[in-house]
Every structure is written in C-alpha cells, then in structure tokens.
Amino acid sequence: MRRTPLRVAVAVTALGLTLSACGSDDGGSDGGSGADAAGATSLADIGSLDDLVAAAQAEGTLNVIALPRDWANYGEMLDTFSQKYDIEINSASPDGSSQDELDAVTSQRGQDRGPDVLDVGTSFAQQAAAQDLVAPYKVATWDEIPDGQKDADGTWVNDYGGYISIGCNASVVQTCPTSFQDLLDPRYKGQVALNGDPTQAAAAFAAVWAASLSNGGGLDDIGPGVDFFTELKASGNFNPVQVTPATVASGETPLALDWDYLNAAGTADLADQGVDWQVNVPTDGLYGGYYSQAISAYAPHPAAARLWQEFLYSDEGQNIWLKGGARPVRLPAMQDAGTADADALSALPAVEGTADFPSAEQLAAAQQVVATRWNAEISG
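Reading the sequence shown from the start, the letters are residues -23 to -1, 1 to 357 in mature numbering (1 follows the signal peptide of the UniProt record, and there is no 0).
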C-alpha cells in the first residue's frame, strides 16, 4: 500500500460485507446449551466468557460462509479461532457474495449446514435485519465500537474496512494508473476489472460509488459512477471477468478495482510468481467502507456463533485484521489503550480527510440505482 498521505475529502461508507450459552444464574439449566445461547443478546445473558466457551465447545462446530482465506487475513482468523477453542469450522462457498449469504440463511433454515454467522456489506446487513434474518447480540467490547458503526440493537456491527484501490500488474501494464480518470486511457483496453457484481458484491458496489465521487457524484448520487463504467465499457477498457487471485496471477485482469487490503495482500505471493503487483489508492475518488458481522437468527450453533463474534471484536481478533492490512473498527480505542499491533499499524497508508457516513436511506437509494441500471447498461 502507498504510505503517502492523502489530503482529500474522504467519503466513508459502511459496506461492509457476530458473538450466553451456559447455565442461568439460578442454576435452573443443565449447565448450558445451544438453546440457551440462541436467545442471548450479550454475555450477561450467559454468565461469563468461560460459560460461552463451554457451550460453544459442546456444540463443537461453527458454520461460516463466503470467507476466502486470502480476504482480510481470514485464513489466520479462522485457524486461530479453531485452534484456540478446539472448534471445527465448516467453511461454505468461500467465493460467495453478500447476497449468497442472505440466500443461504433462508434456503438452509432449520438445516445443520446453515450458516451460523455472516460477513456482509452493511447495506446487506441492514436488509437482513429488516427481514428478521439476524439475531441481536452485543459483544463485550460493544462500548468501544463507534455508534455510527453498529445497529443500536446489535443486529449487525461493522468490523473491518479499508479504501477502494487500483491494483496493477506492472509486469503487463507499462504505466500504472493512479486515478479513475486514468482508467479511461485507451492504453488500458480490456484491462479494468471488478471484484464481483456491484448488484451483489459490496466491494464492486463500493468501486462504483468511488467512481461517482471522482465524477461529480456524492453520497446522494451514485449515478455518475454507473455513467463512468458505461463509458469505460464503451471505450473497450472494462473487463467483465471477476477479479480473483488466479486471474491476477495469470494476467487476465491486469487492473483490479478492490479494497486496498485485498489488493495489497497478494503482493508477496504474486512476486513469487514473477508478477510485479502495485497498489494505488485513487487520487480522485477516495472511498472507504466497512464490512459488517451478524449472527443468523437460525444459527444451528448459536453458542459458537456468539463466541466467534466475541473473538472477532477482541484485541486478538482486531489485530489479526490489522495484520491483514484492514482497519479494525476498534482501532481508535486500541490505539488509546496501546493494544494495537504497532508494526501492522505502521504499514497502513496515512489518510487525512473528513469521514462522511451515508444514512441507511442513502445506501438503499444507491443500491436501487445500481440494481436498476447495472444489468441494463453494463452487464447486458
């Protein structure tokens, strides 16, 4: 990632794409069960973290979905949790989208294989809450999470984020672009790709909004972003292939619009494959966002689901995000307490500006515009 300070206005949105369980205080339960955990809205409903651990270990399993191991250091997150608590993790559809996660909650309701937890863009988390697909839960570190980064009832909570960036295969591209306007240059014909479909994937949706900011749009108007990609397609520069580590390594997607922590994460591995991968945060469309965590209302392992959330929002979990180049939601509090990983923190690019968070109404409106226009103008 670049370390040069960025002195431009920052539009930050929560896009994303959480954690009871044993005996009650009166001793009326059998020592804890998943049934007890299913109704727990905080550790106070469970007794203690040790009680939650015991109940989660009794379940023995956690079902996750759409969590690529190379996404925001999820490989280390999954392995550390599994080893720390001796809980098996079933990981389904690692390359799935936020919409795939919501679909799985409904289609697999009542099944043992159904997802226990979700990691989705916040617009999708809000949708899930509106449809009663997620359960309220407030982790022990709740008070250190800014109010603007969580639902007041705990149905979803933002967790980690970053900035939209331009990944560039300098082994293929002679001059790496540093702005959205650069991407319109004829030299980039057939080279500009997204991480997913903006109507379903939060990273791609964020890229459209970043393009809007670079072309006169704003939080109330994502339309110029769709206009930009329409122009990009008409010029022949847009590449419809979805970005993956494999397409980057093969040279199929030389320019990748994606979160900075995802683009930067592959630099070392790509170098081992002879690929010079460079990452630039665009100078004309600085746009950041967070992904949200939530617990499925129908989680087959409700105690493990809540323990997973407690782990993610602990200092240990938050520092694992930080090591992956993402900005954990509790970072300001951890910096104040001196618990943030200093080496990982120093690797983040300096960003200066004013953070403006869209309202739920702005997110819904933007999502509707993209849903209406993208398939007609870009995918069609």
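For glycine and all other residues, C-beta sits at the position ideal for the given N, C-alpha and C.
- In the structure shown, the three-state DSSP call for W254 is strand.
- Our two residues, V256 and G243, have alpha carbons roughly 10 Å apart in a direct line.
- As DSSP reads the structure, I272 sits in a beta bridge with V94 and A112.
- The beta-carbon separation of Y140 and G265, rounded to 5 Å, stays under the 8 Å limit for a contact.
- With contacts defined by Cβ atoms closer than 8 Å, V94 and V41 form a contacting pair.
- Following the DSSP letters along the chain, one finds A282 inside the alpha helix (DSSP H) bounded by residues P279 to L289.
- Distance check between G131 and each of A106, V149 and D28 places A106 closest, using alpha-carbon atoms only.
- Taken in chain order, the complete beta strand (DSSP E) segments of 3 residues or longer contained in the stretch 127 to 215 are 134 to 146 and 169 to 171.
- N192 is positioned such that its CB atom lies no closer than 8 Å to that of F206.
- Judged by beta-carbon spacing, L110 lies within the 8 Å limit of V82, meaning their Cβ atoms are closer than that value.
- In this model, L325 and S269 are separated by some 21 Å (Cα to Cα).
- D253 and N240 have their C-alpha atoms some 12 Å from each other.
- Secondary structure at R304: strand, using DSSP grouped into helix, strand and coil.
- Measuring C-alpha to C-alpha distances from S68 to each of E78, K61 and Y62 identifies E78 as the nearest.
- If the five residues before and after E354 are omitted, its C-beta is found closer than 7 Å to the C-beta atoms of V203 and T207, all from its own chain and listed in chain order.
- L20 and A343 have their C-alpha atoms spaced approximately 36 Å apart.
- Straight-line spacing of the CA atoms in K300 and A245 works out to 14 Å.
- Straight across, the Cα-Cα distance linking L29 with E36 is about 11 Å.
- Note that the stretch 160 to 177 does not touch the stretch 294 to 313; fewer than 3 beta-carbon pairs, one per stretch, sit closer than 8 Å.
- At a Cβ-Cβ threshold of 8 Å, D63 and A32 do not count as neighbours.
- Taking C-beta atoms as the reference points, D96 and L44 count as a pair closer than 8 Å.
- Per DSSP, the beta-bridge partners of T38 are E65.
- Taking a contact as a CB-CB distance under 8 Å, the pair F101 and W285 does not count as one, their CB atoms being some 18 Å apart.
- Counting C-beta atoms within 10 angstroms of its own C-beta, V218 has fewer than 16 neighbours from the protein chains shown and is therefore classed as exposed.
- Beyond the five residues adjoining it in sequence on each side, E65 comes within less than 8 Å, by CB distance, of G37, T38, L39 and S59 in the same chain, given in chain order.
- Cβ atoms of L234 and C145 stay farther apart than 8 Å, at about 11 Å.
- Straight-line spacing of the CA atoms in R86 and W119 works out to 28 Å.
- Membership of D235 in the beta strand (DSSP E) is indicated by the continuous run L232 to W236.
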